[in-house]
Amino acid sequence: MGRFFIGYAPAHNSGCFKHSLPGIGSIVFFALFLVMHRFIRLLIILLPIAFLHGSLPAAVLHTGHGQRYADVSGAAKAARPGDTILLHSGTYSGNQSLQGLQGAPGKWIYIIAEKSGAVLFKGGAAAWTGSDLAYLHIEGIVFSGQTGNGLNIDDGSSYASPAHHIVLQHCIFRDMAATGNNDLLKLSGVDDLTIQQCTFLNGSPGGSGIDMVGCHNSLIRQCRFENMGANAVQMKGGSCNIRVEACIFINAGSRAINLGGSTGQAFFRPGNATWEAADLKVYSNVFIGSEVPVAFVGCTRSEVVNNTIYKPGRWVIRILQENKDTARFVKCGNNTFRNNLIYVDGQLRTTCSIGAGTAPESFTFSNNLWFHSEDNAWQGPQLPVREKDGLTGKDPLFRNAGKEDFVIPLHSPAARAGYPMVHPEKDNAGNKFLPKRAIGAFEAAT
1 MGRFFIGYAP AHNSGCFKHS LPGIGSIVFF ALFLVMHRFI RLLIILLPIA FLHGSLPAAV
61 LHTGHGQRYA DVSGAAKAAR PGDTILLHSG TYSGNQSLQG LQGAPGKWIY IIAEKSGAVL
121 FKGGAAAWTG SDLAYLHIEG IVFSGQTGNG LNIDDGSSYA SPAHHIVLQH CIFRDMAATG
181 NNDLLKLSGV DDLTIQQCTF LNGSPGGSGI DMVGCHNSLI RQCRFENMGA NAVQMKGGSC
241 NIRVEACIFI NAGSRAINLG GSTGQAFFRP GNATWEAADL KVYSNVFIGS EVPVAFVGCT
301 RSEVVNNTIY KPGRWVIRIL QENKDTARFV KCGNNTFRNN LIYVDGQLRT TCSIGAGTAP
361 ESFTFSNNLW FHSEDNAWQG PQLPVREKDG LTGKDPLFRN AGKEDFVIPL HSPAARAGYP
421 MVHPEKDNAG NKFLPKRAIG AFEAAT
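So the sequence shown is numbered by UniProt numbering: it starts at 1 and just counts up by one.
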């Protein structure tokens with residue numbers, strides 16, 4: 001940046017002017033102030049991103065009403081590694097394309113809102129679609145009212161070359177204008193993905209908040225899901241090594257978390273996967289309502305640890321096998337349910353629903369706290385295997401469940417009662433679990 005010099009008109013004759021020109025200095029100063037204000041505003045937007053992914057962007061592509069680039073599609077065609085597509089506030093139409101948009105290691109491409117939440121993409125079959133994307137950071141955008149999927153990212157059916165290294169942060173996905181299998185965020189063949197601090201509202205009755213088919217090595221963190229349809233998060237089709245952590249799920253669908261699912265064999269990534277999903281982690285989340293908060297569906301080596309489950313509609317968990325090809329696929333089994341705090345009421349039908357073709361005997365249950373708020377004589381859950389060190393019939397003493405405050409006091413029966421674990425390291429609020437950790441999504445507090 002060049003240097004700026006701020007001058008002034010002298011009050012007395014200095015030899016430069018015979019007469020001063022009142023207001024010239026003020027006008028110059030004000031003009032320079034506006035320039036600097038705009039520059040500083042851009043720095044405020046861009047500096048945090050620079051710390052995340054490397055050096056400052058190579059160029060800023062101003063995009064939106066009255067800007068050089070009228071829409072995202074045009075800006076995406078012009079963007080080069082390291083560039084930022086800066087979206088100016090306003091409402092824009094859907095059906096935008098990010099096709100082939102790729103940054104590089106240390107030179108991510110950013111698509112960010114000038115002001116978080118003030119850029120809305122409304123309508124269209126999808127707001128944006130993009131295949132083979134890489135090193136892309138999307139932040140502060142609102143997607144609403146799509147008829148197909150809200151945002152669609154995939155590998156272009158080139159399974160050997162997935163889309164990869166994508167960050168979605170502070171985005172809002174809401175109000176699907178559809179009733180079928182339509183997802184707020186559809187991901188197929190995407191690896192090394194981070195979705196954090198995003199909000200998902202009012203999904204399609206037959207769809208998901210996030211639907212992941214053949215996705216790997218990813219993180220969903222500190223997101224909020226409310227009023228979903230079939231699922232809030234579904235991970236299937238060969239998906240593995242995905243962590244869902246510190247999220248809040250409120251009436252988040254028939255199955256808030258679907259660990260696995262049912263996928264046509266042509267859509268598996270990798271094509272030779274022998275399970276719907278594997279190595280999934282569900283940590284430090286809060287579930288309020290939903291027919292069933294957690295469904296294990298054809299998955300293996302997955303764990304649900306240190307979550308708080310509050311008043312589920314029918315079941316606490318389900319163990320299912322929807323893909324019936326027993327010659328290829330392993331049975332749903334070898335999964336863990338541990339350190340969870342479960343608070344139920346009269347809606348509960350049965351704790352654990354078990355379907356045919358599964359291996360429930362291979363599950364591990366331990367150190368969960370089970371409390372029925374309307375039945376003091378409740379004998380506790382009926383589980384497929386004996387639980388070790390479980391607690392039944394003891395009120396966890398939530399601080400204020402009616403206001404979504406599920407912190408427990410130090411004298412709660414859930415305090416210091418959890419199984420010692422390395423992960424999750426932190427609770428839903430970001431506090432570290434103690435060496436003798438609590439049961440549930442929150443460490444005990446004063």
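The beta carbon of each residue, even a glycine, is placed where N, CA and C say it ideally should be.
Excluding its 5 nearest sequence neighbours in each direction, residue 262 has C-beta neighbours in its own chain below 8 Å: 236, 276, 297, 298, 322, 323, listed in chain order. Around the Cβ of residue 361, a 10 Å sphere holds fewer than 16 other Cβ atoms; the residue is exposed. When the alpha-carbon of residue 219 is set against those of 240, 226, 113, 85, the nearest one is in 240. With a threshold of 16 other beta carbon atoms within 10 Å, residue 78 falls short and is exposed.
Within the model, the alpha-carbon separation for residue 210 versus residue 287 is close to 16 Å.
Taking a cut-off of 8 Å for Cβ pairs, the segment 97 to 113 and the segment 124 to 138 touch, as three or more such pairs fall below it. Residue pairing from DSSP places residue 121 in a beta bridge opposite 92, 143. For residue 90, same chain residues with a beta-carbon under 6 Å away, outside a window of 5 residues either side, are 64, 65 in chain order.
When rounded, the separation of the alpha-carbon atoms in residue 180 and residue 295 is 20 Å. One thing to note: residue 97 has its Cβ within 8 Å of the Cβ of residue 73.
When the Cα atoms are used, residue 332 and residue 318 turn out to be separated by approximately 11 Å. Put simply, the backbone Cα of residue 281 is about 43 Å away from that of residue 67. Restricting attention to 253, 166, 183, 87, the CA atom closest to the CA of residue 192 is found in 166. Out of 125, 157, 171, the CA that lies nearest to the CA of residue 118 is found in 171. By the neighbour-count definition (other C-beta atoms within 10 Å, threshold 16), residue 335 is a buried residue. According to the DSSP assignment, residue 209 belongs to no alpha helix (DSSP H) but to the beta strand (DSSP E) extending over 208 to 213. With 16 or more neighbouring CB atoms inside 10 Å of its own CB, residue 164 falls in the buried class. For residue 74, the enclosing alpha helix (DSSP H) begins and ends at 72 to 78. The three-state secondary structure of residue 402, taken from DSSP, is helix.
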